[in-house]
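Beneath this line is the structure, given in structure tokens, with notes to follow.
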Amino acid sequence: GAGVSQSPRYKVAKRGQDVALRCDPISGHVSLFWYQQALGQGPEFLTYFQNEAQLDKSGLPSDRFFAERPEGSVSTLKIQRTQQEDSAVYLCASSQGLAEQETQYFGPGTRLLVL
Amino acid sequence: GDSVTQMEGPVTLSEEAFLTINCTYTATGYPSLFWYVQYPGEGLQLLLKATKADDKGSNKGFEATYRKETTSFHLEKGSVQVSDSAVYFCALRFGTASKLTFGTGTRLQVTL
Chain E
217 GAGVSQSPRY
227 KVAKRGQDVA
237 LRCDPISGHV
247 SLFWYQQALG
257 QGPEFLTYFQ
267 NEAQLDKSGL
277 PSDRFFAERP
287 EGSVSTLKIQ
297 RTQQEDSAVY
307 LCASSQGLAE
317 QETQYFGPGT
327 RLLVL
Chain S
7 GDSVTQMEGP
17 VTLSEEAFLT
27 INCTYTATGY
37 PSLFWYVQYP
47 GEGLQLLLKA
57 TKADDKGSNK
67 GFEATYRKET
77 TSFHLEKGSV
87 QVSDSAVYFC
97 ALRFGTASKL
107 TFGTGTRLQV
117 TL
């Protein structure tokens with residue numbers, strides 16, 4: 217079946233622009249995560265949704281970052297007034313349920329470059 | 007806070023060589039431990055996992071054992087192939103449906 221998909225795959229933005237990154241999780245998956253991966257680093261957690269509820273947003277680096285999942289499926293990560301330090305790959309992951317054994321399945325990521 | 011430390015890469019090996027990639031963690035409690043792999047041009051994929059002390063995860067010839075006494079989860083493979091060239095990430099997670107905490111990744115390059 218289809219995996220996690222993300223769009224766009226690449227995004228170039230001028231500093232100060234707003235961007236929106238989309239994640240389509242695997243159908244029926246309850247949990248959805250966003251991670252940020254800087255060049256040469258491991259992914260770092262941004263935020264977590266259980267269905268439409270955003271249960272953890274402790275990793276969002278500033279109030280310029282906002283995420284939503286209004287119908288409990290597709291999610292959008294929005295970055296306002298982008299800065300150069302926002303340049304990174306943004307990864308989305310989903311898992312089927314809430315059990316301890318659940319595997320997180322990752323999308324291919326959106327590579328954001330802020331000039 | 008919780009953290010994962012991996013050996014720095016790149017690791018360059020000849021085909022059929024033995025592989026070890028070290029991973030240690032710092033955490034309050036006993037997390038689940040994971041190895042993820044990122045092949046060139048592809049997304050992160052779960053390679054193997056272990057959820058409690060002394061568990062051994064294995065997949066595709068790779069193995070890692072959850073060592074509570076040394077807080078380690080080293081990745082091993084007896085005979086690497088060129089197709090194993092990728093970036094390997096060690097990660098930990100507490101509880102259900104919670105975030106993964108990753109190491110910085112180790113790039114493996116296997117040559118003929």
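The listed protein sequences derive, respectively, from chains E and S.
Residue numbering for the first sequence follows this note's numbering, beginning at 217 and increasing consecutively.
Residue numbering for the second sequence follows this note's numbering, beginning at 7 and increasing consecutively.
Ideal placement from N, C-alpha and C gives every residue a C-beta, glycine not left out.
Because the structure is a prediction, the values reported are computed rather than measured.
Q: Would you decide whether residue 281(E) is buried or exposed? Buried here means 16 or more other CB atoms lie within 10 Å of its CB.
A: That one is buried.
Q) Based on Cα-Cα distance, which residue from 246(E), 257(E), 260(E), 297(E) lies nearest to residue 285(E)? A) 246(E)
(Q) If distances are taken between C-alpha atoms only, which option among 326(E), 292(E), 253(E) comes closest to residue 268(E)? (A) 292(E)
**Q.** Simplified DSSP state of residue 21(S), which is helix, strand or coil
**A.** coil
Q. Would a C-beta distance cut-off of 8 Å place residue 114(S) and residue 92(S) closer than the cut-off?
A. Contact flag set, yes.
Q.
Residues of the stretch 88-117 of chain S in Cβ contact with chain E at a cutoff of 8 Å, in chain order, please.
A. 95, 97, 101, 102, 103, 104, 105, 106, 107, 108, 109, 110, 111
Q: Using the Cα positions of residue 25(S) and residue 32(S), report the straight-line distance between them to the nearest angstrom.
A: 23 Å
Q) In terms of residues, what are the limits of the beta strand (DSSP E) holding residue 297(E)? A) In the DSSP annotation of this structure, residue 297(E) is not part of any beta strand (DSSP E), being labelled neither H nor E.
Q) Cβ of residue 7(S) less than 8 Å from any chain E Cβ? A) No, residue 7(S) lies away from the interface with chain E (no Cβ there is under 8 Å from its Cβ).
Q) From residue 7(S) to residue 23(S), what distance separates their C-alpha atoms? A) 36 Å
Q: Compare the C-beta of residue 237(E) against all C-beta atoms of chain S and say whether one is closer than 8 Å.
A: no
**Q.** Close Cβ partners of residue 299(E) (< 7 Å) along its chain, the five nearest in sequence each way excluded
**A.** 231, 330
Q. Exposed or buried, residue 46(S), counting other C-beta atoms within 10 Å across all chains shown (16 or more means buried)?
A. exposed
Q: Please determine, among 283(E), 289(E), 324(E), the residue with the shortest C-alpha to C-alpha distance to residue 235(E).
A: 283(E)
Q | Rounded separation between residue 326(E) and residue 241(E) - CA only | A | 14 Å
Q) Are the C-beta atoms of residue 306(E) and some chain S residue less than 8 Å apart? A) Residue contact check for residue 306(E) against chain S: no CB pair falls below 8 Å.
Q.
What does the alpha-carbon distance come out to for the pair residue 67(S) and residue 84(S)?
A. Inter-residue distance for residue 67(S) and residue 84(S) is about 7 Å (C-alpha atoms, whole angstroms).
Q. By Cβ distance, which residues of its chain are closer than 8 Å to residue 76(S), with the 5 residues on each side in sequence left out?
A. Excluding sequence neighbours, residue 76(S) sits near 30.
Q: Could you work out which residues of chain E lie near residue 49(S), taking near to mean beta carbons separated by less than 7 Å?
A: 322, 323, 324, 325
Q: Go through the stretch 18-78 of chain S residue by residue and report every complete run of the beta strand (DSSP E) that reaches 3 residues or more, in order.
A: 25-27, 29-32, 38-44, 50-56, 62-65, 68-71
Q) Considering only the beta carbon of each residue, do residue 59(S) and residue 41(S) sit closer than 8 Å? A) Not a contact, by the Cβ cut-off of 8 Å.
Q.
To the nearest angstrom, how far is the alpha carbon of residue 271(E) from that of residue 19(S)?
A. 43 Å
(Q) Which of the three DSSP states is assigned to residue 86(S) in this structure? (A) coil
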